[in-house]
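**Q** Can you read through this structure? Questions will come right after.
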Amino acid sequence: MNPMIVDHPLIQHKISLLRDKQTGTKEFRDLVSEIATLLCYEATRDLPTEEVEIETPITMARTKVLAGRKLALVPILRAGMGMLDGMLSLIPAAKVGFIGLYRDETTLQPVEYFCKLPSDIADRDVLVLDPMLATGGSAIDAITMVKKRGAKRIKFIGLLAAPEGLKALQEAHPDVSIYVAALDEHLNENGYIVPGLGDAGDRIYGTK
1263 MNPMIVDHPL IQHKISLLRD KQTGTKEFRD LVSEIATLLC YEATRDLPTE
1313 EVEIETPITM ARTKVLAGRK LALVPILRAG MGMLDGMLSL IPAAKVGFIG
1363 LYRDETTLQP VEYFCKLPSD IADRDVLVLD PMLATGGSAI DAITMVKKRG
1413 AKRIKFIGLL AAPEGLKALQ EAHPDVSIYV AALDEHLNEN GYIVPGLGDA
1463 GDRIYGTK
């Protein structure tokens, strides 16, 4: 599947503010949540609807509502948590799971330390959340874990992607739709996205 680079002007403006090293923790956290909301809007565009009849203050009307498709949000800890509230603001009935991965600074490979998913994850459309798609290792492993528990309809939603990570994720999971706000230039020797925005988790939570 071709990745969706969401180039809406509002998203691009907010991404520019995220990149600025002068942007403080609170503003950064708010921006991540706002961008997640806008990305959620795009990623749920294909949800099925059904026609119902309702009574407006004027007359009876045939209109559309969601057709009961169940959703699950799965942020990759810890940076993915910064996207969660923004997503839930649009789909508050979604269930939430959590996958804990950290990057080994020597090998740059993800290491799993936590996984807690809804018991009916196999019956849900799953949106995996992580701000940065760098090497792609964490996203690949998280999606593999979700698939092992039976999920079949999965999307990945992130803020920034490097070409290397995007290619790796597409090759590992060609059935997964990818939505990101920007495709950056490359990874540096430390596995960070260039020009990027630094460490998303540190900037969301004010840690170093």
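Under this note's numbering, the first residue of the sequence shown is numbered 1263, with each subsequent residue one higher.
Beta carbons are placed, not taken as given, at the ideal position from N, Cα and C, and that holds for glycine.
For clarity, every value in this text was computed on a predicted model and none was experimentally measured.
Is T1406 helix, strand or coil by DSSP?
**A** helix
**Q** Determine the DSSP secondary structure at A1384, reduced to helix, strand or coil.
**A** helix
**Q** If you drop the 5 nearest sequence neighbours on each side, which residues of the same chain put their C-beta closer than 7 Å to that of G1458?
**A** L1422, D1446
**Q** State the start and end residues of the unbroken beta strand (DSSP E) segment that holds A1430.
**A** Looking at the DSSP string, A1430 is not in any beta strand (DSSP E); the run it does join, the alpha helix (DSSP H), is 1425 to 1434.
**Q** Per DSSP, which residues does H1448 bridge with? Please list them.
**A** V1456
**Q** Could you tell me how far apart the beta carbons of V1388 and I1416 are, in whole angstroms, since I believe they sit closer than 8 Å?
**A** Here V1388 really is in contact with I1416; their C-beta atoms are around 5 Å apart, less than 8 Å.
**Q** Give a yes or no on contact between the stretch 1334 to 1350 and the stretch 1294 to 1311, applying the rule of three or more CB pairs nearer than 8 Å.
**A** Because the criterion of three Cβ pairs below 8 Å is met, the stretch 1334 to 1350 and the stretch 1294 to 1311 touch.
**Q** How would you label D1366, buried or exposed, when you count the other beta carbons within 10 angstroms and need 16 or more for buried?
**A** exposed
**Q** Give the single residue among A1401, R1411, E1451 whose Cα lies nearest to the Cα of V1438.
**A** It is A1401.
**Q** Between which residues of its own chain and D1464 is the CB-CB distance below 8 Å, once the five residues before and five after are set aside?
**A** K1470
**Q** Using the Cβ count rule (16 or more neighbours within 10 Å means buried), how would you classify K1429?
**A** exposed
**Q** By DSSP, does P1372 sit in helix, in strand, or in coil?
**A** strand
**Q** Measure the alpha-carbon distance for G1399 versus E1312 and round it to whole angstroms.
**A** Distance between the alpha carbons of G1399 and E1312 is about 38 Å.
**Q** State yes or no: is the C-beta of L1333 within less than 8 Å of the C-beta of I1361?
**A** The Cβ atoms of L1333 and I1361 do not sit closer than 8 Å to each other.
**Q** Can A1424 and A1396 be called in contact, C-beta distance under 8 Å?
**A** yes
**Q** Would you say K1276 and E1296 are within 8 Å of each other, going by their C-beta atoms?
**A** yes
**Q** Taking the alpha-carbon of V1358 as reference, which of Y1364, Q1371, L1391, V1373 has the nearest alpha-carbon?
**A** Selected option, being the one with the closest Cα: L1391.
**Q** Would you mind stating whether A1443 and V1268 have Cβ atoms separated by less than 8 Å?
**A** yes
**Q** Quick one: what's got a C-beta closer than 7 Å to R1273's C-beta in the same chain, skipping five residues either side?
**A** Residue 1273 is actually Ile in this sequence, not Arg. The answer, listed in chain order, is I1297, L1300, A1443.
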